[in-house]
Amino acid sequence: MSNACERIDQTDRDVSQITSEVGSLRLQTDKIVQIKGHFQRTLAWLARLRERWLIVIDNADTDTISGNLKELALGTWKRDTRGHFIITTRREPLAVAETFHIDKNNCNYLETLSEEEGVQFMIKRTEMSDECSIGSISKLVNELGGLPLALEQAAAHIKCLQCSFKHYLAKFEKKRLKYNKEHKSSV
Numbered sequence: 016m017s018n019a020c021e022r023i024d025q026t027d028r029d030v031s032q033i034t035s036e037v038g039s040l041r042l043q044t045d046k047i048v049q050i051k052g053h054f055q056r057t058l059a060w061l062a063r064l065r066e067r068w069l070i071v072i073d074n075a076d077t078d079t080i081s082g083n084l085k086e087l088a089l090g091t092w093k094r095d096t097r098g099h100f101i102i103t104t105r106r107e108p109l110a111v112a113e114t115f116h117i118d119k120n121n122c123n124y125l126e127t128l129s130e131e132e133g134v135q136f137m138i139k140r141t142e143m144s145d146e147c148s149i150g151s152i153s154k155l156v157n158e159l160g161g162l163p164l165a166l167e168q169a170a171a172h173i174k175c176l177q178c179s180f181k182h183y184l185a186k187f188e189k190k191r192l193k194y195n196k197e198h199k200s201s202v
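If you read the sequence shown in our numbering, its first letter stands for residue 16, the second for the next number, and so on.
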């Protein structure tokens with residue numbers, strides 16, 4: 016009798032867990048449908064715009080593209096629109112051309128900047144030429160891998176906030192450590 020009661024209790028727990036999981040799955044499905052609806056309305060809005068627009072898809076480094084990204088970049092919705100895309104990636108132009116079904120000649124391959132080029136770029140872009148900052152600028156250029164877009168974003172931030180290169184570098188390193196710690200714990 017005890018075994019029968021235990022099996023009934025276990026069955027009740029199993030049914031309860033399944034019911035909870037189905038309810039959670041239903042909520043997730045509803046959320047996906049809601050997001051898909053927002054996405055489709057956004058595409059329809061972009062298609063109706065008569066003004067010129069630009070979308071930047073940054074860091075598209077994976078070998079495959081997701082359904083929404085594929086619809087955004089390759090979908091028929093953008094016929095006769097006045098919009099354009101810029102896709103940034105570290106992948107080779109041929110791989111990008113194959114993934115996004117575009118002519119390789121439409122890919123602009125940008126080399127990374129050398130340390131010296133990066134330092135000169137940062138000084139020119141920020142209009143800050145403090146000789147004491149050269150070490151911090153060099154380190155920042157190296158930390159950002161000489162990537163032109165990353166350097167542009169850092170320079171714009173520094174110029175806008177009127178902060179020193181040393182201050183920006185310290186904040187950057189602190190945020191990167193925090194990000195790496197959070198990312199490592201989620202893996």
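Note that CB positions come from ideal geometry on N, CA and C, so glycine has one too.
My understanding is that residue i touches residue j, with C-beta atoms under 8 angstroms, so please give their C-beta distance in whole angstroms.
i, j, result
"Leu-159", "Ala-169", "6 angstroms"
"Leu-128", "Lys-119", "23 angstroms between Cβ atoms; not a contact."
"Trp-68", "Leu-61", "7 angstroms"
"Arg-97", "Asp-76", "Rounded, the Cβ-Cβ distance is 28 angstroms, inconsistent with contact."
"Leu-164", "Thr-103", "6 angstroms"
"Lys-181", "Ser-153", "Actually they are not in contact, since the Cβ atoms of Lys-181 and Ser-153 sit about 12 angstroms apart, beyond 8 angstroms."
Alpha carbon to alpha carbon, how far is residue i from residue j?
i, j, result
"Leu-207", "Glu-167", "The chain is shown from 16 up to 202; residue 207 falls before or after that span and cannot be answered."
"Thr-79", "Leu-125", "22 angstroms"
"Thr-141", "Arg-63", "38 angstroms"
"Asn-74", "Val-111", "12 angstroms"
"Gly-150", "Ile-117", "41 angstroms"
"Asn-195", "Glu-130", "24 angstroms"
"Cys-122", "Glu-107", "9 angstroms"
"Asn-178", "Ile-72", "First, the amino acid is wrong: residue 178 is Cys here, not Asn. Each residue's Cα considered, the two are about 28 angstroms apart."
"Arg-191", "Glu-197", "10 angstroms"
"His-53", "Ile-47", "10 angstroms"
"Arg-94", "His-172", "36 angstroms"
"Asn-157", "Leu-184", "11 angstroms"
"Gln-55", "Lys-139", "42 angstroms"
"Gly-133", "Gly-161", "6 angstroms"
"Ser-81", "Leu-87", "10 angstroms"
Which of the three DSSP states, helix, strand or coil, is assigned to residue i?
i, result
"His-99", "strand"
"Leu-58", "helix"
"Cys-175", "helix"
Point to revise | Runs of alpha helix (DSSP H) lying entirely within the region 60-98, each at least 4 residues, in chain order | key: Entirely contained in the region 60-98, the alpha helix (DSSP H) runs reaching 4 residues are, in chain order, 82-89.
Practice item. For the region 104-168, list the alpha helix (DSSP H) runs that are entirely contained and at least 4 residues long, ordered along the chain. Key: Here the runs fully enclosed are 108-115, 130-141 and 149-158.
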